[in-house]
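The structure appears right after this line, and notes come after that.
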Amino acid sequence: MGIIIKDLNFIYEQNQLFKMTNFHFEDNTIYTLVGPSGIGKSTLLDLLTGVKHPHSGDILYQNIHKSEILTIFQNNHLFPWLTVSEALALPLKINNVSKKQINSRVMGLLKTFRLETFAHKRPHALSGGQLQRVAIAQGLTLNPKLLLLDEPTSSLDQESKEEIQDHLINEQRKRNNTMIIVTHDIEEAAYLGQEIILVTNKQLKKIVNPTFGEKNRRQSLDFYAFCIQLRKQVRQK
1 MGIIIKDLNF
11 IYEQNQLFKM
21 TNFHFEDNTI
31 YTLVGPSGIG
41 KSTLLDLLTG
51 VKHPHSGDIL
61 YQNIHKSEIL
71 TIFQNNHLFP
81 WLTVSEALAL
91 PLKINNVSKK
101 QINSRVMGLL
111 KTFRLETFAH
121 KRPHALSGGQ
131 LQRVAIAQGL
141 TLNPKLLLLD
151 EPTSSLDQES
161 KEEIQDHLIN
171 EQRKRNNTMI
181 IVTHDIEEAA
191 YLGQEIILVT
201 NKQLKKIVNP
211 TFGEKNRRQS
221 LDFYAFCIQL
231 RKQVRQK
């Protein structure tokens, strides 16, 4: 799987966000998108899903259909009348998955995201971290080839944030899919991103993460040295 952006031009309210932009998103990779507010990070997700369309240029999909792309937003869109189990089952029911498979997949996700005790609760009874775990679990029910996440942890406390970050890495390794994650948190970008994309000067600049895959990175001086370096690059732009 791959997505190729070729000579992309996009203008929003007379502001050109992308100009002759080229990039190749490869399969089985976690990308994090960083850059100042208003630079076009969330817009890029909309372009990849087809919610927005380039003014010129192409977005080419290799061995992937747009139906295999799913977006999880910061303000998760959980129906207030559905329990956690019902919310996880909903995408499967819509896609006519058998009842046996639905039960098996829902139970697996409840266990993975430590939501068993909340299975019969509705969104109003959950904390922010629990809601976000439900939203991410729901996004993984159909095993999307490409998962787009728009600031998935921005409203969470540090402990909940780190827990969800570890969930995302573990699930990506298990499923071998591709994730593209928008974040303003430099440490999150450095922790999650195998490759970090800096949106700058209407282009996408790839930064390889030298610390990705190292054990106990949160306790590593090399990791925080890379965070300082990355923060400088973002501020320079």
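Read in the UniProt record's numbering, the sequence shown has 203 at position 203, and its numbers run on one by one without any break.
Here a beta-carbon is modelled for each residue, glycine too, at the ideal position from N, C-alpha and C.
Bear in mind the structure is a predicted one, so any value in this text is a computation, not a measurement.
Once you ignore the five residues that flank Ile39 on each side, which residues in its own chain have a CB closer than 6 Å to its CB? Val199
Please say whether Met179 and Leu221 have beta carbons closer to each other than 9 Å? no
Which parts of the segment 140–179 are runs of the beta strand (DSSP E), unbroken and 3 residues or longer, counting only runs that do not cross its ends? 146–150
Inspect the CB distances between the segment 138–145 and the segment 168–184 and report whether three or more fall short of 8 Å. yes
For Thr183, the three-state DSSP class (helix, strand or coil): coil
The beta strand (DSSP E) enclosing Asp7, as first and last residue numbers: 2–12
Less than 8 Å between the CB atoms is what I'm expecting for Leu33 and Lys202, so what's the real figure, rounded? With 8 Å as the limit, Leu33 and Lys202 do not qualify as a contact, their Cβ atoms being about 14 Å apart.
Check this for me: beta carbons of residue 299 and Ile59, under 9 Å apart or not? The requested residue 299 is not part of the displayed model; the chain covers only 1 to 237.
Whole angstroms are fine: how far does the CA of Thr112 sit from the CA of Ala125? 20 Å
Out of Glu116, Tyr31, Arg231, state which residue places its alpha-carbon closest to the alpha-carbon of Ile196. Tyr31
Thr200 - partner residues in DSSP beta bridges: Gln203
Per DSSP, Glu195 forms a beta bridge with which residues? Tyr31, Val208
Since Leu115 contacts Arg133 with CB under 8 Å, what's their CB separation in whole angstroms? 6 Å
Cα-Cα separation, Gln165 to Lys19: 32 Å
Going by alpha carbons, who is nearest to Ile186 out of Phe226, Gln172, Asn216, Val97? Phe226
Three-state secondary structure (DSSP) of Phe73: coil
Confirm, please, whether the CB-CB distance from Pro80 to Val234 is below 9 Å. no
By the three-class DSSP mapping on this structure, what secondary structure does Ser56 have? strand
How is the beta strand (DSSP E) around Gln219 delimited, first residue to last? Where Gln219 is concerned, there is no enclosing beta strand (DSSP E), given that its DSSP letter is neither H nor E.
Considering only C-alpha positions, which residue in the set Arg218, Ile207, Arg173, Ile228 is nearest to Thr29? Arg173
Between which two residues does the beta strand (DSSP E) holding Asn63 run? Element bounds for Asn63: n/a, residue is neither H nor E.
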